[in-house]
Amino acid sequence: MSLIQLINFDVKGDERGLLVALESNSNVPFDIKRVYYVFDTKGGVVRGCHAHKEIKQVAVCVHGHCRMLMDDGISKADVVLDSPELGIFIDRLQWHEMHDFSEDCVLLVLASDYYHESDYIREYDDFIKRVNSHVHP
Ligand code: TYD
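Structure representation (structure tokens):
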């Protein structure tokens, strides 16, 4: 499966402007249990830098832009999120980092579960160990 899994959202538009609707198990490939947004990120800051054991997420830059780096433990790839029409699916066991936030960036994230610190893998070495044990149990 591709490291960068983008989702192009249908945009409803009329003379008043534009609208995107996000729905569980439709254009978002899981039951949405939590929504959070990251904003007012200071210059040069890198966020994320973790993977999740089970939680899946979709991130959408609803304003401004940032660069999302994805890493499955074997290869890395990045993509600039700069459109409210574009989401990126962050699967479980995908190390992800957010770089190059614009000052006006608002990054909306939909998650498949509530916030549990125990679901985080915050050490890159632990992540690699888990990926290897997942591939070669
Ligand atoms: P953190 O995971 O460090 O953010 P990022 O991965 O974007 O760099 O989270 C920052 C703080 O917010 C940390 O104290 C945990 C808290 N937090 C919640 O309470 N609920 C949440 O849903 C999230 C994502 C974070």
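For the sequence shown, counting from 1, position 119 maps to 1420 in the working numbering; every step adds exactly one.
Just so it is clear, CB atoms sit at the ideal spot from N, CA and C, and this is done for glycine as well.
(Q) Strictly by DSSP, which residues pair up with Ile1416? (A) According to the sequence provided, residue 1416 is Tyr. The question's Ile does not apply to it. Its beta-bridge partners do not exist; DSSP assigns none.
When Leu1409, His1400, Asp1414 are compared against Pro1385, the one with the closest alpha-carbon: Leu1409
| said: Quick check on the DSSP output: what are the complete beta strand (DSSP E) runs of length 3 or more inside the region 1357 to 1435, in order along the chain? | reply: 1358 to 1364, 1367 to 1372, 1377 to 1382, 1387 to 1391, 1396 to 1400, 1407 to 1412
Q.
According to DSSP, is Lys1354 part of a helix, a strand, or is it coil?
A. coil
For Asn1309, the three-state DSSP class (helix, strand or coil): strand
Q.
Is it buried or exposed, His1437, if we count other Cβ atoms within 10 angstroms and call 16 or more buried?
A. exposed
Report all residues from its chain with a CB closer than 6 angstroms to the CB of Ser1403; omit the five preceding and five following residues, and keep chain order. Gly1365, His1366
**Q.** Closest residue to Lys1334 among Ala1412, Leu1307, Asp1427 (Cα-Cα distance)
**A.** Ala1412
Q: Give every residue whose Cβ lies closer than 5 angstroms to any heavy atom of the ligand TYD, listed in chain order.
A: Tyr1337, Arg1348, Gly1349, Tyr1416
From the DSSP secondary-structure annotation, give me the bridge partner or partners of Arg1348.
Met1399
By the DSSP assignment, the beta strand (DSSP E) with Tyr1317 in it spans what residues? Checking the displayed sequence, the identity of residue 1317 turns out to be Arg instead of Tyr. Per DSSP, Arg1317 belongs to no beta strand (DSSP E) and is neither H nor E.
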